[in-house]
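Numbering (this note's numbering), first residue to last: 30 to 143.
Encoded as structure tokens, the structure appears first; notes follow it.
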Ligand code: TYC
């Protein structure tokens, strides 16, 4: 005697089976604050030693790191010198511009959202 299939799951497509687990990534409740790159720009007048001094003093670089980054700016026109919160990036830019202004160097520094 032939038997009848009564369980509907045995006669369904994968989409409507009730044994399929849905894995939903929970939306993070805390958003990370945006980060900002601080950029140093090249010019023809600021002395290399002054830029190296600024990078050591304000960005905690070793002398070797500072020379490397200064030369990157000199050759390429711009380099990222650090990534910070909005407030810290603003402070770093202001400090660079103030040191340059005091020595009458045209060194430019700016920030950009990452
Ligand atoms: N180009 C400058 C020079 O030849 C050096 C320099 C490097 C200036 C980096 C600015 O951000 C700078 N004296």
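We put the CB at the ideal spot given by N, CA and C, even for glycine.
query                                                                                                                                                                         : result
Within 10 angstroms of its Cβ, does residue 129 collect 16 or more other Cβ (buried), or is it exposed?                                                                       : buried
Pick helix, strand or coil for residue 60, following the three-state DSSP scheme.                                                                                             : coil
For residue 66, name the three-state secondary structure that DSSP assigns.                                                                                                   : strand
Enumerate in chain order the residues of its own chain whose CB-to-CB distance from residue 102 is below 6 Å, with the five nearest sequence positions on each side excluded. : 69, 71 and 108
Residue 76 CB to nearest chain C CB: under 8 Å?                                                                                                                               : Protein chains in the displayed structure number just one, and chain C is not present.
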